[in-house]
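Undergrad: The following block contains the structure, expressed as structure tokens.
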DNA sequence: GCTAAATTACTGACTGGTCAGTTATTAACG
DNA sequence: CGTTAATAACTGACCAGTCAGTAATTTAGC
């Protein structure tokens, strides 16, 4: 072996970038295979480092998991909250912006696997789940709830059970994101996202339409 | 230690009952912890046998997983198909029977964890996922699709994208089932099922209501 | 500017524990 | 007693976590 030839890896020192590269690799693998089935050697390799390096930045596999969750989604929720503040009157447009924004900013990005990961692992990591519930789910519910309430106040939406319906409304988006990271891999030709979103939003708007209140409302 | 005293386990021979007891135990643990994180010793203990006994009935951990999926849900789908055949005219009642029937027969039973398990493990077991897709999901979609189509034909429902909407309609039920087997454990006081189902069905019926068709339909 | 010493990011072989799968043995039942 | 369901001790592969050592970079001395 002489000086020439393809050296396998040039071994760069990039202390700043490492943690993000590692959490990105970990997210992809945790989503694909699940937490327990993911090997840290694999995470490190995907980030272009050795396993030892991983342990320079994270204390344990569980710490890596927590970092994946905490650094990932919270900023997006904050964007959503900013949107709500500044948004002009129309509640239909607001609700559309929130729901489609969720899809564009979370569902249709690398973060789209986070819901699958959290549903899968919530019972194995109750503290992380509690944090996620408080920092992401609860605040996301609030966004939708406020948009719906605004619509009801303005007479654009029917009177519905606001606390409950926000969970109903997010369901089809979650379903689409889950699908993409599970069955989509093995079932070609299913779930065209654009068509799905249009169909979904069309039904939601009709379901909320103030014009079509059919039966007696409780006062 | 003499002959008397609490013998740990009387060691009964019950060849007939074992497989079902083992798959039931495995289902519960796979759903709770995930496939990879579930130990076979634990499955066996929960079924009241030793690990060796498990291997008398299943060739491998993966074979046990397949058995859990295949034996579990298919019969219920068949019940649903029978329902569709015999059901009298009213499409609203039919759709309600299918959706609420799903909740009563699957979502709200031990089988309610199967969707979580399949979403989690689909990419790790593509063949099982393909089977499940064909034997359960596809046939479930068809049930809903036919109910919707019947409603459209009778002028009770709006003209909607039938192929897509069946996935939208099942989403809130899946969401509720997933929730029960994930965050529900660590977040007390959330997702009252009865209220959720009523709110959901109310919105669906308004979303499909022929009376409220608002904008131009394509011919 | 050049070299040597000091620092620090990084590596990969190693360890100890865990767990899927096996096998020798035991006990139930006819 | 013979058959077989069931067990429990065993094995070997695998993997999270460790650490002695190496390579890149910075600093000090000249």
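Protein chains in written order, with our numbering: chain A, 1 to 219; chain B, 220 to 438. Every residue, glycine too, gets a C-beta built ideally from N, C-alpha and C. All figures in this text were calculated on a predicted structure; none of them were measured in a lab.
(1) Does DSSP classify residue 277 of chain B as helix, strand or coil?
(2) Would you call the region 415-425 of chain B and the region 137-149 of chain A in contact, with 3 or more CB pairs under 8 Å?
(3) CB-CB under 8 Å to residue 317 of chain B, same chain, minus the five flanking residues each way: which ones, in chain order?
(4) Any C-beta of chain B within less than 9 Å: which residues of the region 157-179 of chain A qualify?
(5) Could you work out which residues of chain A lie near residue 419 of chain B, taking near to mean beta carbons separated by less than 7 Å?
(6) Can you give the Cα-Cα distance for residue 166 of chain A and residue 268 of chain B, rounded to whole angstroms?
(7) Going by DSSP in three states, residue 157 of chain A sits in which element: helix, strand or coil?
(8) Please report how far the alpha carbon of residue 325 of chain B lies from the alpha carbon of residue 56 of chain A, in whole angstroms.
(9) Taking residue 110 of chain A as part of the alpha helix (DSSP H), name the residues at either end of that continuous run.
(10) Quick check on the burial criterion: 16 or more other C-beta atoms within 10 angstroms. Buried or exposed for residue 53 of chain A?
(11) Could you name the residues of the same chain whose beta carbon sits closer than 7 Å to that of residue 27 of chain A, not counting the 5 residues immediately before and after it, in chain order?
(12) When the Cα atoms are used, what is the spatial distance from residue 434 of chain B to residue 61 of chain A?
(13) So, at 7 Å on beta carbons, what are the nonlocal neighbours of residue 75 of chain A in its own chain, with the 5 sequence-adjacent residues on each side left out?
(14) Tell me which residues share the same chain as residue 34 of chain A and place their Cβ nearer than 7 Å to its Cβ, disregarding the 5 neighbours each side in the sequence.
(15) Any idea which residues DSSP pairs residue 359 of chain B with across the strands?
(16) Which one of B:349, B:409, B:380 has the shortest CA to CA distance from residue 394 of chain B?
(17) Show which residues of chain A have a CB atom less than 8 Å away from the CB atom of residue 335 of chain B.
(18) Within 10 Å of its beta-carbon, does residue 232 of chain B have 16 or more other beta-carbons around it, so buried, or fewer, so exposed?
(19) Starting from residue 390 of chain B, trace the alpha helix (DSSP H) both ways and give me its first and last residue.
(20) Taking residue 405 of chain B as the reference, give the member of A:101, A:122, A:29, A:156 with the closest Cα.
(21) Is it the case that the region 346-353 of chain B contacts the region 305-317 of chain B, given that we only count it when at least three CB pairs across the two stretches are under 8 Å?
(22) State buried or exposed for residue 234 of chain B, treating a residue as buried only when at least 16 other CB atoms are found within 10 Å of its CB.
(23) Below 8 Å on C-beta distance, what does residue 126 of chain A contact in chain B?
(24) Measure how close the beta-carbons of residue 151 of chain A and residue 208 of chain A come, nearest whole angstrom, since I'm counting them as under 8 Å.
(25) Expressed to the nearest angstrom, what Euclidean distance is found between the alpha-carbon atoms of residue 238 of chain B and residue 39 of chain A?
(26) Relative to the alpha-carbon of residue 391 of chain B, which residue among B:381, B:414, B:382 has its alpha-carbon at the smallest distance?
(27) Residues of chain B with CB under 9 Å from residue 32 of chain A, in chain order?
(28) For residue 169 of chain A and residue 270 of chain B, I'd like the C-alpha separation in whole angstroms.
(29) With a cut-off of 8 Å on the beta carbons, I'd call residue 22 of chain A and residue 47 of chain A a contact; round off their distance for me.
(30) Which residues does DSSP pair with residue 209 of chain A in a beta bridge?
(31) If you measure from the beta carbon of residue 50 of chain A to each beta carbon in chain B, is any gap under 7 Å?
(32) Quick one: list the residues of chain B neighbouring residue 182 of chain A, beta-carbon separation under 9 Å, in chain order.
(33) Please report the distance separating the alpha-carbon of residue 412 of chain B from that of residue 184 of chain A.
(34) Please list, in chain order, all residues of the same chain as residue 94 of chain A whose beta carbon is under 6 Å from its beta carbon, the five residues on each side excluded.
(35) Between residue 36 of chain A and chain B, is any beta-carbon pair separated by less than 7 Å?
(36) With 16 as the cutoff for other CB atoms within 10 Å, does residue 159 of chain A come out buried or exposed?
TA: To lay it out plainly:
(1) One-based indexing of the second chain puts residue 277 of chain B at position 58. DSSP places residue 277 of chain B in coil when its eight states are reduced to three.
(2) no
(3) The sequence position of residue 317 of chain B within the second chain is 98, counting from 1. Contacts found: 299, 302, 303, 362, 363, 366.
(4) 158, 160, 161, 163, 164, 165, 167, 168, 169, 170, 171, 172, 173, 174, 175, 176, 178, 179
(5) The residue labelled residue 419 of chain B in the question sits at position 200 within the second chain. 168, listed in chain order.
(6) On the first chain, residue 166 of chain A is found 166 positions in, with the first residue counted as 1. On the second chain, residue 268 of chain B is found 49 positions in, with the first residue counted as 1. If I take the Cα positions, the gap works out to 45 Å.
(7) If you number the first chain from 1, residue 157 of chain A lands on position 157. In the structure shown, residue 157 of chain A sits in a strand (DSSP, three-state: E or B).
(8) Walking along the second chain from the start, residue 325 of chain B turns up at place 106. Walking along the first chain from the start, residue 56 of chain A turns up at place 56. So the alpha carbons of these two residues sit roughly 46 Å apart.
(9) Mapped onto the first chain, residue 110 of chain A falls at position 110. Segment: none, residue 110 of chain A is in no alpha helix (DSSP H) and carries neither H nor E.
(10) One-based indexing of the first chain puts residue 53 of chain A at position 53. Under this definition residue 53 of chain A is an exposed residue.
(11) The sequence position of residue 27 of chain A within the first chain is 27, counting from 1. Same-chain partners within the cutoff: 68, 72, 110, 113.
(12) As a first step, residue 434 of chain B is located in the second chain; it is residue number 215 there, counting from the start. As a first step, residue 61 of chain A is located in the first chain; it is residue number 61 there, counting from the start. Because the pLDDT of residue 434 of chain B is 38, which lies under 50, any placement of that residue in the model is unreliable, and the number read from its coordinates should be weighed accordingly. Taking the straight line joining both Cα atoms gives about 53 Å.
(13) The residue given as residue 75 of chain A occupies position 75 in the first chain. Within the same chain, residue 75 of chain A has no close Cβ partners at all.
(14) Start at 1 with the first residue of the first chain, and residue 34 of chain A comes out as number 34. Excluding residues within five positions, the ones whose Cβ falls inside 7 Å are 120.
(15) The residue you call residue 359 of chain B lines up with position 140 of the second chain. None, per the DSSP bridge assignment.
(16) As a first step, residue 394 of chain B must be located in the second chain, where it is residue number 175. If we check each option's Cα against that of residue 394 of chain B, B:409 comes out closest.
(17) Sequence index remark: in the second chain, residue 335 of chain B carries index 116 (1-based). What residue 335 of chain B touches in chain A: 119, 120.
(18) Counting from one through the second chain, the residue named residue 232 of chain B turns up at place 13. That one is exposed.
(19) For the purposes of this step, residue 390 of chain B is identified with residue 171 of the second chain, where counting begins at 1. From DSSP, the alpha helix (DSSP H) with residue 390 of chain B extends over 381-399.
(20) Indexing the second chain from 1 puts residue 405 of chain B at position 186. Nearest C-alpha to residue 405 of chain B: A:122.
(21) no
(22) To locate residue 234 of chain B, count along the second chain from 1; it is residue 15. Exposed.
(23) As a first step, residue 126 of chain A must be located in the first chain, where it is residue number 126. What residue 126 of chain A touches in chain B: 404, 405.
(24) Taking the first residue of the first chain as 1, we reach residue 151 of chain A at position 151. Taking the first residue of the first chain as 1, we reach residue 208 of chain A at position 208. Indeed, because the Cβ distance is near 7 Å, the residues count as touching under 8 Å.
(25) Taking the first residue of the second chain as position 1, residue 238 of chain B is located at position 19. Taking the first residue of the first chain as position 1, residue 39 of chain A is located at position 39. When rounded, the distance between both Cα atoms is 32 Å.
(26) As a first step, residue 391 of chain B must be located in the second chain, where it is residue number 172. Comparing Cα-Cα distances from residue 391 of chain B to each of B:381, B:414, B:382, the minimum goes to B:414.
(27) Indexing the first chain from 1 puts residue 32 of chain A at position 32. By Cβ distance, chain B contributes 342, 343.
(28) As a working mapping, residue 169 of chain A is identified with position 169 in the first chain. As a working mapping, residue 270 of chain B is identified with position 51 in the second chain. Taking the straight line joining both Cα atoms gives about 44 Å.
(29) One-based indexing of the first chain puts residue 22 of chain A at position 22. One-based indexing of the first chain puts residue 47 of chain A at position 47. That pair is a contact at about 5 Å.
(30) On the first chain, position 209 is the one that residue 209 of chain A refers to. Bridge partners of residue 209 of chain A: A:157.
(31) As a first step, residue 50 of chain A must be located in the first chain, where it is residue number 50. Output row for residue 50 of chain A: interface = no.
(32) Position 182 of the first chain holds residue 182 of chain A. Near residue 182 of chain A (Cβ distances below 9 Å), the residues of chain B are 337, 338, 339, 340, 341, 342, 348.
(33) Stepping through the second chain from its first residue, residue 412 of chain B is reached at position 193. Stepping through the first chain from its first residue, residue 184 of chain A is reached at position 184. Cα to Cα, the separation comes out at about 29 Å.
(34) Position 94 of the first chain, counting from 1, holds the residue named residue 94 of chain A. Cβ within range, chain order: 87, 147.
(35) Along the first chain, one-based indexing puts residue 36 of chain A at 36. Judged by the 7 Å Cβ criterion, residue 36 of chain A is in contact with chain B.
(36) The residue you call residue 159 of chain A lines up with position 159 of the first chain. Per the 10 Å Cβ criterion, exposed.
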